[in-house]
Amino acid sequence: MRHFLIDTDTASDDAVALVMALRDPHVQIEAITVVAGNVSLDQGLQNALYTVELCQKQVPVYRGMAAPTLRPLETAQDIHGQDGMGDIGLPLSGRIPATGHAVDIIRETINRHPGEITIVALAPLTNIAMAILLDPPLASKVKECIIMGGTAQGIGNINPVAEFNIWVDPEAAKIVFSSQMPITMVDWYTSTAFATVSPTEASTLRNIGTTLAKFCVDIQATHATEKGFVIADPIAMAIALDRSVATETKRLFVDIETVSAISRGQTIVDHLGLTKQQPNADVVLSASHERFLQILLKSVQD
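For the sequence shown, this note's numbering gives the first residue as 5, with consecutive numbering after it.
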């Protein structure tokens with residue numbers, strides 16, 4: 005049994021990633037911690053709690069940081085809808101999170117299971133950075149940290165060179181990437197290249213006919229196009245569940261731009277070793293779309 009801690013700013017692609025993990029019989033999710041990002045903290049909590057309930061699982065969901073470490077929160081509701089879940093009328097209110105703060109839960113969980121916890125970080129890294137700041141030795145006790153974020157190719161989705169999760173809280177990202185935690189970075193390019201679900205694939209998924217299959221497609225309503233939709237967080241989760249999904253990785257030095265306005269949040273990936281810095285992340289360069297899709301389809305079947 006593998007032990008996961010999932011940190012999320014739960015919106016439509018996060019929810020699919022949660023389904024994949026919640027439905028895997030070989031994974032024990034110790035905690036789901038929520039942070040502000042795609043949506044407000046309160047909305048992200050309700051979305052996570054609803055998804056856990058839909059999967060008929062008993063996994064604690066904890067309230068985390070409501071804003072980035074140094075900057076005001078800017079959400080992605082223009083992409084994911086006002087409720088973060090496609091604005092399709094889901095009952096996303098009234099559920100109560102578990103008692104305890106996410107930052108404390110991250111620390112307690114890792115210290116209770118040293119060397120056993122895989123963190124799957126699907127959101128701005130505020131919660132994880134705060135845990136490291138409060139408990140610096142924590143980083144060395146993490147088995148691995150799979151981060152959906154950044155861009156190894158220099159093509160951004162929120163400014164010319166930055167990916168949203170890193171851009172929201174670049175200071176937090178810098179803390180995490182500097183912590184010596186064992187990091188695997190699944191970047192925006194990998195998501196667009198290998199986790200774009202075509203209309204035909206979306207139909208195949210929805211036609212499985214289960215509540216979860218319909219849910220995973222329908223909540224993409226606000227960002228689906230004639231070319232399909234990109235679900236970034238699920239391919240990071242697929243790699244966490246089955247490392248063979250990542251078909252090419254390279255150990256590289258990654259730093260975070262925190263000063264420049266135009267390149268705020270850029271993941272500076274030293275492909276050629278020009279900085280002479282020790283590599284600090286396994287950067288995923290390619291992935292298997294077919295294997296990713298297999299894992300996704302299996303997760304929503306009865």
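For glycine and all other residues, C-beta sits at the position ideal for the given N, C-alpha and C.
Small disclaimer: the values here were computed from a predicted structure and weren't measured.
When DSSP builds the beta bridges, which residues end up paired with residue i?
{"i": "TYR66", "result": "THR37"}
{"i": "ASP259", "result": "ILE272"}
{"i": "VAL43", "result": "None; VAL43 has no bridge partner."}
According to the neighbour-count rule (16 or more other Cβ atoms, all chains shown, within 10 Å of its Cβ), is residue i buried or exposed?
{"i": "ASN131", "result": "buried"}
{"i": "ASN115", "result": "exposed"}
{"i": "VAL263", "result": "exposed"}
{"i": "ASP18", "result": "buried"}
{"i": "SER207", "result": "exposed"}
{"i": "MET5", "result": "exposed"}
{"i": "SER144", "result": "exposed"}
{"i": "SER290", "result": "exposed"}
{"i": "ASN211", "result": "exposed"}
{"i": "THR12", "result": "buried"}
For residue i, which option in the options has the closest C-alpha, if you only look at C-alpha atoms?
{"i": "ILE239", "options": "LYS231, VAL249, GLY232 and GLU230", "result": "VAL249"}
{"i": "ALA35", "options": "GLU112, VAL263, THR214 and SER207", "result": "GLU112"}
{"i": "THR226", "options": "THR79, VAL263, VAL304 and ASP87", "result": "ASP87"}
{"i": "ILE170", "options": "LEU126, HIS7 and ILE121", "result": "LEU126"}
{"i": "LEU53", "options": "ALA25, ALA102 and GLY160", "result": "ALA102"}
{"i": "GLY119", "options": "ALA244, GLN305 and CYS149", "result": "CYS149"}
{"i": "ALA285", "options": "HIS293, ASP274 and SER292", "result": "ASP274"}
{"i": "ALA15", "options": "THR155, GLY85, LYS147 and ASP139", "result": "GLY85"}
Terminal residues of the continuous beta strand (DSSP E) containing residue i?
{"i": "THR271", "result": "271-274"}
{"i": "LEU142", "result": "Unbroken run through LEU142: none, as it is neither H nor E."}
{"i": "THR122", "result": "121-125"}
{"i": "ILE151", "result": "148-152"}
{"i": "THR12", "result": "6-12"}
{"i": "LEU289", "result": "285-291"}
Would you grab the beta carbon distance between residue i and residue j for me? Rounded to a whole angstrom, and I think it's under 8 Å.
{"i": "GLU175", "j": "THR73", "result": "5 Å"}
{"i": "VAL20", "j": "ASP222", "result": "No, VAL20 and ASP222 are not in contact; Cβ-Cβ is about 11 Å, not under 8 Å."}
Just to confirm the assignment, what range does the alpha helix (DSSP H) spanning residue i have?
{"i": "SER195", "result": "192-198"}
{"i": "ASP87", "result": "Counting along the chain, ASP87 falls outside any alpha helix (DSSP H), and DSSP gives it neither H nor E."}
{"i": "VAL165", "result": "Run containing VAL165: none; DSSP gives neither H nor E here."}
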